[in-house]
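Position 297 (the sequence shown) corresponds to 297 in full-length UniProt numbering; numbering is contiguous.
Ideal Cβ positions, reconstructed from N, Cα and C, are used throughout, including at glycine.
Remarks on the structure that follows.
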Amino acid sequence: MLLPTQDRSARRLALSLLLAGPFLFGLWAVLLGQDGNWDLRNYHWYNAYAFLTGRWGMDVAPAQVASFYNPTLDLPFFMASQVLPARVVEFLLGSIQGANLVLLYGLAWTVQRSATPERRRVLVALAVAVCGMVGGGQVGLLGTTFYDNVISLFVLGGILVAVGGEGAAWSAPNGPAFRRVVLAGLLVGSGVGLKQPTIVFAVGTCAAFLAAGGTPWRRLLLAFFFGLGVLAGMAIFSGHWMWFLWSHFQNPLFPYFNNVFHSPWGTPDPYRDDKFIPKGPVAAALFPFAWALDPKLVGEIVFRDYRVLAAYVVLLLTGLMVLARWLRGQFAAEGPPVVDTTGPARARRYLLLAGSLSYLVWLKLFAIYRYLIPLEMLAPVLILAAVALWPAPARARGIITAVLLLLLAATGQSGTWARVPWGDRPFGAKVSEVQAPVLPRPDHTVILMTGYAPTSFLIPGFPPQIPFLRVQSYFIHPDQGDILLNRQMRRRIDQGIANGDDFYLLLAHWETWTMDQILPRYGLKGAGEPCQPVTSTLDEPMMLCRIIPLQPAADRDMNPVN
1 MLLPTQDRSA RRLALSLLLA GPFLFGLWAV LLGQDGNWDL RNYHWYNAYA FLTGRWGMDV
61 APAQVASFYN PTLDLPFFMA SQVLPARVVE FLLGSIQGAN LVLLYGLAWT VQRSATPERR
121 RVLVALAVAV CGMVGGGQVG LLGTTFYDNV ISLFVLGGIL VAVGGEGAAW SAPNGPAFRR
181 VVLAGLLVGS GVGLKQPTIV FAVGTCAAFL AAGGTPWRRL LLAFFFGLGV LAGMAIFSGH
241 WMWFLWSHFQ NPLFPYFNNV FHSPWGTPDP YRDDKFIPKG PVAAALFPFA WALDPKLVGE
301 IVFRDYRVLA AYVVLLLTGL MVLARWLRGQ FAAEGPPVVD TTGPARARRY LLLAGSLSYL
361 VWLKLFAIYR YLIPLEMLAP VLILAAVALW PAPARARGII TAVLLLLLAA TGQSGTWARV
421 PWGDRPFGAK VSEVQAPVLP RPDHTVILMT GYAPTSFLIP GFPPQIPFLR VQSYFIHPDQ
481 GDILLNRQMR RRIDQGIANG DDFYLLLAHW ETWTMDQILP RYGLKGAGEP CQPVTSTLDE
541 PMMLCRIIPL QPAADRDMNP VN
């Protein structure tokens, strides 16, 4: 039970704030402006469109490496945007993200001791939840399609199920306990299925069962059944996509880990972004302090938030205190201190271990702050649970926790992910409105894409029969040789030239260098005509330039361009 049962006024206070809270975050998202982030323009919009319209096989990698990401998570936003005004969509997305408040409240309520007066327990839980929701990372993502604060609903929900029921996972009989952890794993695994970097929390929350207490067999079985739930959640939300990638590209994670799967469609590389991972044990140990001084060490934008750093320091101090107490007990006449083995105590221990282990896995795999947003939200709960273990009077522990929460709430500063101001746009305006030039022969037109700018979101603004081929990007390049993606594009271009199709190039105005350096590799060149603008509500105008073969098709067949 996560609400007061005796104090009716406290119950009404909790219910009113928890019901209104998510919608307040929805309004906050609208006030921040429309989301126009790079990833939305690069793949979130296009991938949903391509999935719903069956463009696979027509386009080739228009969203660069992200063309191959699971589109399931993008579908609700895209479909809602087709029928609802942009402000309404922003409000709904922000409200969904605001629902994390309820889960954080539940976790903060759970980690407090049941003997705590109900009104105080409610106020502390609400304060902790609000502190978790106003972090610099979370607010920066509010109303955006990065979805790290949507995936957090699955992570936090899974942890809440795992630790709920007064620690039932550790105190209840095997059957109810194992069903509980399967459900918890199913939630976390669903997050992994929707967004793969969530794997750091799946590993951390699963491994934490092995050290949270209980007999060795009980710990092992809890982890096992939790892992089954994780696998089931992954299968539900990403099984279809992994099968699609396997059947088409011989790699269920394509293009990632292609050094293992060796798909001929890409190069034999892992395609991982590991540039943020700290080098060496000292850098890793000091990493939270380092990114507090320079947030560019963990991402692309400037922000400020000390929640993870504070939890890192508090958990280290707590570990030292527990160790010192244990060592003193080994040499004391009365023997080692008695360890609390009740279900609630093990639940709190599990929570601290899950947060710590998830952080360590994140540090090893990504070190990208966005992927740590669930832990930023969870950090105040971890602080509350850890400080409660300190050998100090309850009043002193309460003051320490309150001061930390106030400092964290006051010092956070969100970053900006390319917000698009509402300006004078009418209320009924849609999220993405594209104005593309009229093309004379859409049934006989091929559009190429080059450069690194996100332009795939513009594709829905063109006639649907036109294929888009991204011949060069941060993912693919003609220098990669005869990989099947390059071969597929070269074959289509050659066929188009032979058939007399019209060719155009879609690119940003700052990447016109690709016209001279990339197009000749495919036997094409600029037509020497002024380019036409392609305008949208999400970005500055892009350019659509007519391009022509370097030489007539017949001559080109005799003298192929390599």
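Just curious, the alpha helix (DSSP H) that residue i is in, first and last residue?
i	result
residue 525	From DSSP, residue 525 is part of no alpha helix (DSSP H) but of the beta strand (DSSP E) over 524-526.
residue 148	148-171
residue 330	307-331
residue 74	Run containing residue 74: none; DSSP gives neither H nor E here.
residue 401	394-411
residue 16	8-32
residue 64	Residue 64 -> no alpha helix (DSSP H), and no H or E assigned at all.
residue 376	373-387
residue 47	45-53
Go ahead and pull the three-state DSSP assignment for residue i.
i	result
residue 468	strand
residue 255	coil
residue 2	coil
residue 353	helix
residue 206	helix
residue 517	helix
residue 424	coil
residue 58	coil
residue 196	helix
residue 113	coil
residue 568	Lying before the first or after the last residue shown, residue 568 is absent from the chain, which here runs from 1 to 562.
residue 535	strand
residue 494	helix
residue 218	helix
residue 441	coil
residue 39	helix
residue 435	strand
Return the residue from the list the options that minimises the CA-CA distance to residue i.
i	options	result
residue 449	463, 471 and 464	471
residue 453	402, 204 and 38	38
residue 310	383, 347, 328 and 456	383
residue 277	266, 267, 268 and 290	290
residue 198	135, 369 and 412	369
residue 63	347, 463, 40 and 77	40
residue 485	29, 8 and 68	68
residue 515	15, 45, 428 and 550	550
residue 487	511, 497 and 522	522
residue 107	114, 444, 125 and 120	125
residue 127	192, 205, 148 and 18	18
residue 419	245, 23 and 539	539
residue 75	275, 145 and 400	145
residue 58	466, 264, 502 and 534	466
residue 605	341, 73 and 497	Residue 605 lies beyond the range of the chain shown here (1 to 562); nothing can be said about it.
residue 30	42, 93 and 44	93
residue 60	489, 543, 537 and 518	489
residue 350	181, 97, 252 and 366	181
residue 196	147, 244, 211 and 209	147
Report buried or exposed for residue i, applying the criterion of at least 16 other Cβ atoms within 10 angstroms of its Cβ.
i	result
residue 217	exposed
residue 479	exposed
residue 5	exposed
residue 272	exposed
residue 160	buried
residue 580	A question about residue 580 goes unanswered here, because the residues of the chain that appear run from 1 up to 562.
residue 81	buried
residue 499	exposed
residue 100	buried
residue 362	buried
residue 70	buried
residue 399	exposed
residue 354	buried
Return the first residue and the last residue of the beta strand (DSSP E) that residue i is part of.
i	result
residue 95	Taken as a continuous stretch (DSSP letters only), residue 95 belongs to no beta strand (DSSP E), being part of the alpha helix (DSSP H) at 86-98.
residue 505	502-507
residue 549	542-549
residue 446	445-449
**Request:** Would you check if the segment 49-56 and the segment 159-168 touch, i.e. whether three or more CB-CB distances between them fall below 8 Å?
**Result:** no
**Asked** Are the segment 202-215 and the segment 80-98 touching by the rule of at least three beta carbon pairs closer than 8 Å?
**Response** no
**Cβ contact check for the segment 405-422 and the segment 301-320: 3 or more pairs under 8 Å** = yes
**Request:** Answer yes if the segment 221-238 comes into contact with the segment 373-382, meaning at least three C-beta pairs across the two stretches below 8 Å, and no otherwise.
**Result:** no
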